[in-house]
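Numbering (the working numbering), first residue to last: 23 to 483. C-beta atoms are modelled at their ideal positions from N, C-alpha and C, and glycine is treated no differently. As structure tokens, the structure follows; a few thoughts come after it.
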């Protein structure tokens, strides 16, 4: 769609102001003279203070960026929404008398930004509502959201990992696939933020929380996940990069601080009947007739001893054994080692994998393993020798980061039924049957959404 004449003029002039390095005051005076109030308000909202320079504001205007925002938790009638913006923002419903928007907390990020957590109630799972963002009583953004019907029989669930803010080339082609696929919810299973430095990645040193926080902020500023309209419920767990340490483990001295940062950006309800919380950032969601286990593979990792730690294993195993629901077990790193390089539970936490095998064999129900981390996606068949039933490991990686190309493609003879080595994520459509779980898996790429295998995967006992 072509820009309106004033919009084209503002964008082109914004770039001129960047090159001339003119002050914010002059830029706002210019906008006030030529642009609608919404654009002037957006410029004010995106600028730190009256003395700040115009560069950040102008760049975001020139790119047409919205206020960074994410819908995290949602049920049928309520949601949590996180907004990153300047101090003093207020929020309200738009043209919906039954919608309530409550500010739960506002965290000063120590820069020009504040992180706002909103509780939205009065939602419908079938129709969108709008919330408005105001700066100094001026409307600067409007976003749409709805509730999530957790009783539906066959939802469209996106599984994604590895959103590197340093490698966003082509993201404008990948993020629209969430809406194209009519995604009901996104499961982001690790590395939603790359919070460690390049040097730290090489030497595997823990990132100090202050610099890690700065990269969380930069991620929200630059990654299109936070620009989506309408919003899509997004549940997140971490892996090593959002944990702040490449290949990080239980020795990370900033573990507690990093958890606080992570959950401030990706919060969950304190209590909900569909949720059970374990140690670290782990939790279980019960929805769509399935138990979704999100495991923390970093906070308690002791190499060659345990992947998840004794307390997390106790919580997870008890929860798993107490339910007859089919299950997704989601982890940052892969469960099985398929390549000579890289992490896996088999390589780093083999005793935990052996205990998991025993638990699964003790409660024979349909179960699938879902992972990320490795910067390629695959569907791997696992024969009953692994876990006592024929099942699969679905690996979805990376939505945008470095890509491995064809390097780790293997043959179907060794069980690799599908492989893709460029930017992508999976869309999984489950269907529950008597003693069986069927999964229709598609791969969303920069060029489109494609089937992965010729028929839905079937897991039965």
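Taking 7 angstroms as the cut-off, is the beta-carbon of residue i closer than that to any non-hydrogen atom of the ligand GTP?
i: residue 383; result: The model depicted lacks the ligand GTP and carries no ligand whatsoever.
In whole angstroms, what is the alpha-carbon distance linking residue i and residue j?
i: residue 297; j: residue 317; result: 13 angstroms
i: residue 363; j: residue 394; result: 15 angstroms
i: residue 215; j: residue 145; result: 29 angstroms
i: residue 107; j: residue 236; result: 14 angstroms
i: residue 310; j: residue 294; result: 16 angstroms
i: residue 248; j: residue 428; result: 30 angstroms
i: residue 122; j: residue 100; result: 9 angstroms
i: residue 444; j: residue 451; result: 22 angstroms
i: residue 241; j: residue 439; result: 33 angstroms
i: residue 478; j: residue 409; result: 20 angstroms
i: residue 184; j: residue 281; result: 18 angstroms
i: residue 133; j: residue 234; result: 13 angstroms
i: residue 143; j: residue 163; result: 19 angstroms
i: residue 148; j: residue 206; result: 11 angstroms
i: residue 224; j: residue 151; result: 45 angstroms
i: residue 326; j: residue 374; result: 9 angstroms
i: residue 227; j: residue 203; result: 39 angstroms
i: residue 89; j: residue 250; result: 10 angstroms
i: residue 420; j: residue 399; result: 7 angstroms
i: residue 314; j: residue 286; result: 22 angstroms
i: residue 344; j: residue 197; result: 37 angstroms
i: residue 182; j: residue 201; result: 14 angstroms
i: residue 95; j: residue 124; result: 15 angstroms
i: residue 442; j: residue 159; result: 48 angstroms
i: residue 337; j: residue 379; result: 16 angstroms
i: residue 289; j: residue 435; result: 42 angstroms
i: residue 432; j: residue 359; result: 13 angstroms
i: residue 191; j: residue 284; result: 25 angstroms
i: residue 135; j: residue 304; result: 28 angstroms
i: residue 381; j: residue 86; result: 51 angstroms
i: residue 353; j: residue 312; result: 16 angstroms
i: residue 457; j: residue 369; result: 31 angstroms
i: residue 172; j: residue 463; result: 20 angstroms
i: residue 276; j: residue 349; result: 32 angstroms
i: residue 351; j: residue 437; result: 19 angstroms
i: residue 426; j: residue 274; result: 28 angstroms
i: residue 128; j: residue 218; result: 25 angstroms
Please confirm whether residue i and residue j have their CB atoms less than 8 angstroms apart.
i: residue 406; j: residue 346; result: no
i: residue 187; j: residue 254; result: no
i: residue 449; j: residue 471; result: yes
i: residue 262; j: residue 269; result: yes
i: residue 93; j: residue 167; result: yes
i: residue 116; j: residue 154; result: yes
i: residue 333; j: residue 371; result: no
i: residue 390; j: residue 413; result: yes
i: residue 447; j: residue 468; result: no
i: residue 156; j: residue 104; result: no
i: residue 165; j: residue 252; result: yes
i: residue 324; j: residue 401; result: no
i: residue 411; j: residue 483; result: yes
i: residue 307; j: residue 239; result: no
i: residue 229; j: residue 193; result: no
i: residue 396; j: residue 356; result: yes
Identify the residues that DSSP records as bridge partners of residue i: which are they?
i: residue 114; result: 154
i: residue 185; result: 422
i: residue 462; result: 451
i: residue 315; result: 306 and 351
i: residue 488; result: The chain is shown from 23 up to 483; residue 488 falls before or after that span and cannot be answered.
i: residue 356; result: 366
i: residue 403; result: 414
i: residue 473; result: 464
i: residue 163; result: 155
i: residue 96; result: 101
i: residue 436; result: DSSP, once it has assigned bridges, lists no residue as partnering residue 436.
i: residue 509; result: Absent from the model: residue 509. The displayed extent of the chain is 23 to 483, so no value can be given.
i: residue 91; result: 105
i: residue 398; result: Answer by DSSP bridge pairing: none, since residue 398 is not bridged.
i: residue 332; result: According to DSSP, residue 332 bridges with nothing at all.
Check your understanding: So does the stretch 200 to 215 actually touch the stretch 248 to 260, counting three or more Cβ pairs closer than 8 angstroms?
Key -> yes
Practice item. For the stretch 167 to 177 and the stretch 109 to 117, state whether three or more C-beta atom pairs, one from each stretch, are separated by less than 8 angstroms. Key: no
Point to revise | Meets three-Cβ-pair contact criterion under 8 angstroms: the stretch 362 to 377 and the stretch 319 to 327 | key: yes
Exercise for review: May I have a chain-ordered list of the alpha helix (DSSP H) segments no shorter than 4 residues that lie completely inside the stretch 185 to 260?
Suggested key: 193 to 196, 198 to 202, 220 to 225 and 231 to 244
Review point. Where in the stretch 265 to 296 do unbroken runs of the alpha helix (DSSP H), each at least 4 residues long, occur, reported from the N-terminal end onward?
Key: 277 to 287
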